[in-house]
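Here is the structure we will look at, set down as structure tokens.
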Amino acid sequence: MSEALTDRFRRRLKDPTVVLTIRATVAATLAYAVALQLSAEPAPLTAPLTALLVVQVTLYSTLTTSIRRVNSVVVGVVIAIGFSSVMGLSWWSLGLIILASLTIGQFVRVDEFVNEVAISAMLVLGVTRLATQAWDRVLETLIGAVVGLLFNLVFAPPVWVDTAGESIEDLARQARHLLLRIAEELGGHTPVERAAARLHEARALDQAIADVDGALRQAEDSLRLNPRISEGLLSRLVLRTGLDTLEICVVVIRVLARSLTDLAKRREEGEELFPPDVALALEELLTHVGGALVSFSVLVTTQVSRNAEEAEGRLAAELAAALASRERVAQMLLRRIQAHPKAWQLHGSLLAEIDRILDELDLEHRTRRLMEELDRASVANRERFTGLGRIRGLVRGEGWRRQPES
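Residue numbers for the sequence shown follow the numbering used here, so the first one is 508 and each next one is one higher.
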């Protein structure tokens, strides 16, 4: 019992919400302590507030949030100083400054901190010692942002690759379980309602994909600007292309469930969806396809080379078994179509959908796609650094160098 509680406690400590709560609390407290020493305000609460807002679960998001936060406060202070020089505080001037702040905030790249521009302007406009209070607020904001950033630099946040990998594997297992439930119902008299329920489950996997995408974006951010990661680009691309492949497979599974639902609607009263031998072969095929999905997810989320080789071997074995089962099913369906050609389109689409999943999971297809993404990322990085070099040359007075004509 104690071991189970310990494991549960450790899992909770790895939860992004728990990690963010602890880190934000500590950073905000430190920011307040520093602001008490540097600010003239008796209660410089803007500093811990800023630290609370800028500390994120990744260093990259903390840095970008800090920049936007400081920018929003400075813009709000400048607007308040400009308005205070020509008007006092009244209901109409307050409305005017809010309108101006929200409008200007849309053009200064502060994103979610647009409202902070108006809040800063209102707070500064309402104080008596305007200039002193205004720049004290800017100072407190800078203190909070710097403390939050330094906190993430000194106490580096976790790398969320494992969490994203677990969510990818969980998505693959959900897809496998759905395929197994579909396979179990192929041999009997499956009502249209039950087939439609499986289609609904396939559509519900879209939300699971969205959740995995959110976890993966968090993992990608945790790899950026992280000194502990030497191959961040490769890790990001492996996980991202893996999720893209699983997303395509989930879409195909939804189409497969649609085909089976349509097949159930065309069936005669009391007729089975497939004869027992065909149903058994299809069940074997879908079982291997589901196993290949899980093996693929393990492969793309495995970091150790030895484990990756084992996962690749399991995937290759599942794909080989699935292809062999697919050929048997194709021969059986061909004989069935020759005897009962009414539903040949749906039987053909069923095989085409399975072929699409197997093609997406193919190791050569996977390697080729990963290499294409790596080449694309290399070209993008090269263009980015080339552009920065040209800007540095322009700043130094070298001008824009024209490329020599060939």
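Backbone N, C-alpha and C define an ideal beta-carbon position, used for all residues, glycine too.
Considered as a whole, the segment 814-888 harbours 851-868 as its complete alpha helix (DSSP H) runs of no fewer than 4 residues, in chain order. Where His795 is concerned, the enclosing alpha helix (DSSP H) starts and stops at 783-808. Counting along the chain, Thr610 sits inside the alpha helix (DSSP H) bounded by residues 598-612. Taking 7 angstroms as the cut-off, the Cβ atoms of Ala531 and Val577 do not count as close. Arg761 sits in a helix when the DSSP states are folded into three classes. By the Cβ test, the segment 678-696 is in contact with the segment 777-791, since at least three Cβ pairs between them sit closer than 8 angstroms. About 7 angstroms separates the beta carbons of Thr768 and Val699, which is inside the 8 angstroms limit, making them a contact pair. Going by beta carbons, Val645 and Val581 fall inside the 7 angstroms limit. Excluding five sequence positions before and after Ala607, the CB atoms of its chain that fall closer than 7 angstroms to its own CB belong to Ile586, given in chain order.
In the displayed model, Glu647 falls within a helix according to three-state DSSP. DSSP, read as helix, strand or coil, puts Glu754 in helix. A direct Cα-Cα distance of roughly 31 angstroms separates Ile574 from Ile716.
DSSP places Gly721 within a helical segment (H, G or I) once states are collapsed to three. With contacts defined as CB atoms closer than 7 angstroms, Glu825 and His795 qualify as a contacting pair. Comparing C-alpha distances from Ala540 to each of Thr528, Ile529, Ala554 shows the shortest one belongs to Ala554. CA-to-CA, the gap between Pro549 and Ala542 works out to about 10 angstroms. Scanning its chain for C-beta atoms nearer than 8 angstroms, with the 5 sequence neighbours on each side dropped, one finds around Asp866 the residues His872, in chain order. The C-alpha of Ile844 lies about 28 angstroms from the C-alpha of Arg683. By the neighbour-count definition (other C-beta atoms within 10 Å, threshold 16), Gln725 is a buried residue. One thing to note: Val654 has its Cβ no nearer than 7 angstroms to the Cβ of Ala815. Out of Gln613, Ile689, Thr571, the CA that lies nearest to the CA of Gly583 is found in Gln613. In this structure, the CA atom of Ala625 is about 18 angstroms from the CA atom of Val593. Met629 has its alpha-carbon roughly 10 angstroms from the corresponding atom of Gly602.
Three or more pairs of CB atoms, one per stretch, sit closer than 8 angstroms, so the segment 821-839 contacts the segment 857-866.
For the set Thr572, Gly651, Gly797, the Cα lying nearest the Cα of Val617 is the one of Thr572.
The C-beta distance from Leu787 to Leu806 rounds to 29 angstroms, too long to meet the 8 angstroms contact threshold. Counting other Cβ atoms within 10 Å of its Cβ, Ala558 reaches 16 or more and is therefore classed as buried.
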